[in-house]
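Chains as they are written, first to last, in the numbering used here: chain A, 1 to 191; chain B, 1 to 191.
Here the structure is laid out as structure tokens; the discussion comes afterwards.
Number of protein chains: 2
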Amino acid sequence: MSHPPSASPRFARAIPEGDDRERSVCSDCGFVDYENPKVVVGTVATITLPEGERILLCRRAIMPRAGFWTLPAGYLELNESPAVGAAREAWEEARAKLEIDQLLAVYAIERISQVQLIYRARLVDPAVSAGPESQEVGLFAWGEIPWDHLAFPSVEWALSHWRETSGESAFAPRSNPSGETGRMSGRFAAG
Amino acid sequence: MSHPPSASPRFARAIPEGDDRERSVCSDCGFVDYENPKVVVGTVATITLPEGERILLCRRAIMPRAGFWTLPAGYLELNESPAVGAAREAWEEARAKLEIDQLLAVYAIERISQVQLIYRARLVDPAVSAGPESQEVGLFAWGEIPWDHLAFPSVEWALSHWRETSGESAFAPRSNPSGETGRMSGRFAAG
């Protein structure tokens with residue numbers, strides 16, 4: 001199935017037979033380089049400590065939005081299920097071991113062709129630490145969340161949707177808040 | 001963001017800095033050609049007629065599994081939200097106009113790096129007809145579903161999960177039945 005770009009440098013925009021939009025097509029062999037949306041998988045992972053419920057957040061060490069707080073999340077890999085990928089990201093970014101509960105939300109960031117699958121999860125151990133893509137990680141009470149220093153709108157959406165579905169054992173996953181596209185403006189402007 | 005394959009034919013497998021697995025990397029400019037899982041969006045679309053509830057199925061006109069019955073589904077396009085994509089596929093394959101209800105299931109077909117987002121939907125009009133990728137389309141009572149002529153295991157899963165959640169207004173989306181990978185064996189062997 002694989003046609004590495006190196007095998008044929010002769011790609012041009014064309015509408016493949018039976019298709020209805022332009023794609024990158026190899027003029028040597030007809031291979032169509034379909035471009036597809038990317039899947040981001042992540043979690044709102046929590047643990048109940050003696051002092052109350054805490055939410056795992058990571059402070060980004062990488063661009064974009066280095067220094068801002070986010071949920072553990074990243075691109076789903078080939079041959080990986082979304083729930084497994086979400087747990088992997090929590091390990092990579094926060095050395096967090098967790099159990100996936102259920103799908104909290106499906107967000108569409110159409111501008112950048114991203115589909116985000118965000119799961120609700122339980123941290124099985126409060127011992128977390130920064131992985132290579134995090135400056136630091138922390139367990140936050142709801143009232144301590146650094147709302148003015150969140151990395152992306154969808155982090156705010158997921159936290160709100162987590163709060164909204166707290167205590168519910170079966171619910172329909174949330175989607176983008178009405179009218180919200182994930183645009184990086186206001187508090188989320190580049191900085 | 002775009003680095004067309006034509007711009008540099010010199011891709012080689014390498015582990016990019018800060019990464020932990022091999023990617024296709026351009027030896028000219030360092031561009032990393034990440035390969036990503038693909039998102040399939042589809043629907044179990046139903047309508048209640050005087051004679052009872054009916055489910056929309058399409059008989060495939062294209063490979064793989066031409067001649068077998070499937071749900072309207074296909075690849076999510078760039079800059080498209082999953083729900084919009086699912087409705088588009090129903091139009092393309094069955095000229096069906098529908099209203100998306102809620103997410104029925106997230107299936108992972110890891111072997112082919114596919115994530116399937118299947119929605120429950122209401123057909124707003126029983127007038128459906130075959131689009132270019134369908135030989136025919138039909139509205140089936142539950143007892144009329146051609147179980148022995150379904151195209152893919154996930155079609156069977158989605159129909160079963162639709163039945164299981166029938167009448168529920170809020171539920172957690174289903175995932176692969178336990179131990180099921182979507183392997184094309186038994187009834188689903190190439191044919």
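All C-beta atoms, glycine included, are put in the ideal place defined by N, C-alpha and C.
Quantities reported herein were computed from a predicted structural model and do not represent experimental measurements.
DSSP three-state assignment for residue i, whether helix, strand or coil
i	result
A/I118	strand
A/R13	strand
B/R59	strand
B/G92	One point to set straight first is that residue 92 of chain B is Glu, not Gly, in the sequence displayed. Reduced to three states, the DSSP call for B/E92 is helix.
A/I145	coil
B/V128	coil
A/L159	helix
A/G74	strand
B/G138	strand
A/G186	helix
A/R65	coil
A/R111	helix
B/A7	Confidence is the limiting factor: at B/A7 the pLDDT is only 46, short of 50, which leaves the residue's position unreliable, though a coordinate-based value still follows. If DSSP states are grouped into helix, strand and coil, B/A7 belongs with the helices.
B/G85	helix
A/G18	coil
B/E99	strand
A/S154	helix
B/E80	coil
B/E164	helix
B/D28	coil
B/Y43	First, the amino acid is wrong: residue 43 of chain B is Thr here, not Tyr. Strand.
A/A105	strand
B/T181	coil
B/E35	coil
A/E133	coil
A/E51	coil
Per-residue contacts from residue i into chain B (C-beta, under 7 angstroms)
i	result
A/E110	N79, E80, S81
C-beta neighbour in chain A for residue i, strict 7 angstroms
i	result
B/G182	no
B/S134	no
B/P177	no
B/L115	In the sequence as displayed, the identity of residue 115 of chain B is Val instead of Leu. True, the Cβ-Cβ gap to chain A drops below 7 angstroms.
B/L76	yes
B/K97	no
Whole-Å CB distance - residue i paired with residue j, under 8 angstroms assumed
i	j	result
A/H161	A/A90	With 8 angstroms as the limit, A/H161 and A/A90 do not qualify as a contact, their Cβ atoms being about 18 angstroms apart.
A/T43	A/A86	5 angstroms
B/A170	A/A170	6 angstroms
B/G131	B/E93	5 angstroms
A/L103	A/L117	6 angstroms
A/A45	A/L123	5 angstroms
A/R95	A/V128	6 angstroms
B/D33	B/S24	4 angstroms
A/S81	B/E110	6 angstroms
B/I100	B/A73	So it is not a contact: roughly 13 angstroms between Cβ atoms.
Any C-beta of chain B under 7 angstroms from that of residue i
i	result
A/Q102	yes
A/F140	no
A/F171	yes
A/E22	no
A/A72	Going by the sequence as given, residue 72 of chain A is Pro instead of Ala. A/P72 does not count as touching chain B.
A/E144	no
A/E35	yes
A/S6	Unreliable placement is indicated for A/S6, whose pLDDT of 43 sits below 50; the coordinate value is still reported in the next sentence. Yes, A/S6 counts as interfacial toward chain B.
A/R174	no
Chain-ordered neighbours of residue i on chain B, where CB pairs are closer than 9 angstroms
i	result
A/G18	I62, P132, E133
A/V137	Simply none; closest approach about 17 angstroms.
9 angstroms Cβ cut-off: residues of chain A touching residue i
i	result
B/V32	Per Cβ cutoff of 9 angstroms: no residues; B/V32 is ~12 angstroms from chain A at best.
Within chain A, the residues that residue i reaches when beta carbons sit closer than 7 angstroms
i	result
B/V25	Neighbours of B/V25 on chain A: none; closest Cβ ~11 angstroms, over 7 angstroms.
Mind checking the region 148 to 159 of chain B against chain A and listing, in chain order, the residues whose C-beta falls within less than 8 angstroms of any C-beta there? none
Short-range partners of chain A found in the region 81 to 95 of chain B, where Cβ spacing is below 7 angstroms: S81, P82
Give me the subset of the region 37 to 65 of chain A whose CB atoms are less than 8 angstroms from a CB atom of chain B, sorted by chain position. P37, K38, V39, I62
Which of the residues in the region 119 to 130 of chain A, read from start to end, lie with their CB under 7 angstroms from any CB of chain B? Shown here is that no member of the region 119 to 130 of chain A has a Cβ falling below 7 angstroms from a Cβ of chain B.
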